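Just so you know, my numbering puts 269 at position 269 of the sequence shown, and the rest follows in order with no gaps.
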Amino acid sequence: MQTKLFDYHLAKEYIAQKPIFPRDRSRLMVLDRKNKTITHSHFYDLPQFLKPTDVLVFNQTKVIPARLLGSKENGAKLEVLLLHQVDNVTWEALTKPGLKENQQGFFDNHLTGMILKVLPTGNRLIKFNQKGKSFKETLNQIGLMPTPPYIKERLKNPAWYQTVYAKIEGSVAAPTAGFHFTKKLIEKLDKLSIQKEFITLHIGLDTFRPIRTDRLEDHAIHSEWGEVDKKTAEKLNEYKKEGRRIIAVGTTVVRTLESATSVILRTRRIPASPAGGGGDVRIPLECAYSYGITRYSRGNKTIKPFSGNTRLFIYPPYKFQFVDGVITNFHLPKSTLLALVSAFAGRKFVLEVYEEAKRKGYRFFSFGDGMLIM
């Protein structure tokens, strides 16, 4: 499928630079994908579009302050953006400017970092040395929130880039669909007996990376670590048997749940990161023809406990295994996230919806407005 089919124009004034407060006052576009209808509302009215039997699944990942400002050995300014943790003191990272092997960076609180290796991707393996404190403790003291490149203003409050239910540290980008949920809204959902469940997917900066290949099928999807524990898997399967709607709060939840239900049809080798996390790609059945796959086994649409890296790439005409509804934001052109939403609601309908959102003055991307797709 041609990548250009997922392109659209967006003027910069539509890109939200900071959240709306209270967060549930953001706008909500409700899509009926069967009847191709749109309803305009606000996020605080979300409960009126749900049933008491519905199940909301949240991503409980927490963003770490992954941006470090320091200096090179010659005193020049240095910026380090942590990407993936290798061990307690070693990270795969971006450095600006690029550092060579054995060069050091110097940061506040007597923290130093040594470049162990320059990776083929241009990223660096950097080992940190901290006297008297753990690296995690120092990072929480001096690190800055790693906001997306389209957010031009520095955050006045780091909490702006966290969900109110964030719990497990590990992401360098936020599960932004969850930004719209306030404690008050969650309490309202609880009173309506709408069930909440939590999974984890640690989000990397590659989530913002556009698809640069001419064909979607040629894009090497990024790897992210996710987990659905045994207890949660059992409860989700029981809800499914009862006929309840499973609604994913964010594309990261969609990817995690579908990864836990999709079968490996055939693997193709993706260049692995020297820092780890590489491996074989998990291919959706409905996209199998793109890889010339003729032999496979079908899944049974139940969740299995899942812990590990996923490279699941969801795009049309993927047929969803487990998810019945999605809460999400408005995504970047030519992005894997837009491809996922298009697979769920239909590409033409989604692009029509985006044009309608622009006409109505909706705010786009991380701090923007949301949509509920059913």
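For each residue, glycine too, the CB sits at the ideal point set by N, CA and C.
Just so you know, these numbers come straight off a predicted model, no measurement behind them.
- Here D32 carries a strand assignment [DSSP, helix/strand/coil].
- Under the DSSP assignment, R67 falls in the beta strand (DSSP E) whose first and last residues are R67 to K72.
- Under the three-state reduction of DSSP output, F364 falls in the strand class.
- Contact annotation: the segment 87-98 touches the segment 111-130, with at least three C-beta pairs closer than 8 Å.
- By the neighbour-count criterion, in which 16 or more other beta carbons inside 10 Å mark a residue as buried, H110 falls on the exposed side.
- Residue pairing by DSSP places G113 opposite G105 and F128 in a beta bridge.
- Boundaries of the alpha helix (DSSP H) around Q141: F135 to I142.
- Contact check for F349 against L10 fails: the beta carbons are separated by 8 Å or more.
- Three or more beta-carbon pairs separated by less than 8 Å are not found between the segment 30-48 and the segment 160-174, which leaves the two stretches without contact.
- By the CB criterion at 8 Å, L83 and N123 fall inside the cutoff.
- When the Cα atoms are used, L78 and F107 turn out to be separated by approximately 9 Å.
- When secondary structure is reduced to three states using DSSP, G370 falls in the strand class.
- With a cutoff of 8 Å on beta-carbon distance, M29 and V253 are scored as not near each other.
- Distance check between F58 and each of I247, S335 and S223 places I247 closest, using alpha-carbon atoms only.
- In the same chain as E153, and ignoring 5 residues on each side of it, the C-beta atoms closer than 6 Å to its own belong to Q17, in chain order.
- The C-alpha of L189 lies about 48 Å from the C-alpha of G98.
- By the C-beta criterion, the segment 215-234 is judged not to be in contact with the segment 137-145, since fewer than 3 inter-stretch pairs fall below 8 Å.
- No Cβ-Cβ contact shorter than 8 Å links L201 with V172.
- Leaving aside the five residues that flank F313 on each side, the residues in its chain whose CB is nearer than 6 Å to its CB run, in chain order, I221.
- The beta-carbon separation of V249 and P305, rounded to 20 Å, does not stay under the 8 Å limit for a contact.
- Distance between T37 and L50, taken at the CA atoms: about 16 Å.
- For N237, the uninterrupted alpha helix (DSSP H) run begins and ends at K230 to K241, by DSSP.
- Spatial neighbours of Y8 in its own chain (CB-CB distance under 8 Å, excluding positions within 5 residues in sequence) are listed in chain order as P333, L351, Y354 and E355.
- Counting only the Cα atoms, R212 lies some 10 Å from K4.
- Annotation: Q162 to G370 spans about 16 Å, alpha carbon to alpha carbon.
- S342 sits in a helix when the DSSP states are folded into three classes.
- Looking at the DSSP output, F43 sits in no beta bridge, so it has no partner there.
- In its chain, beyond the 5 residues on either side, S342, A343 and R347 have a beta carbon closer than 6 Å to the beta carbon of P316.
- Shown here, Q2 sits in a strand according to DSSP, grouped into three states.
- The closest CA to that of A233, considering only R255, A260, T251 and R209, is found on A260.
- The C-alpha of Y318 lies about 32 Å from the C-alpha of L185.
- The straight-line gap separating the alpha-carbon atoms of A345 and T328 is approximately 12 Å.
- In this model, L155 and T39 are separated by some 32 Å (Cα to Cα).
- With contacts defined by Cβ atoms closer than 8 Å, P148 and S366 form a contacting pair.
- The bridge partners DSSP lists for V118 are R124.
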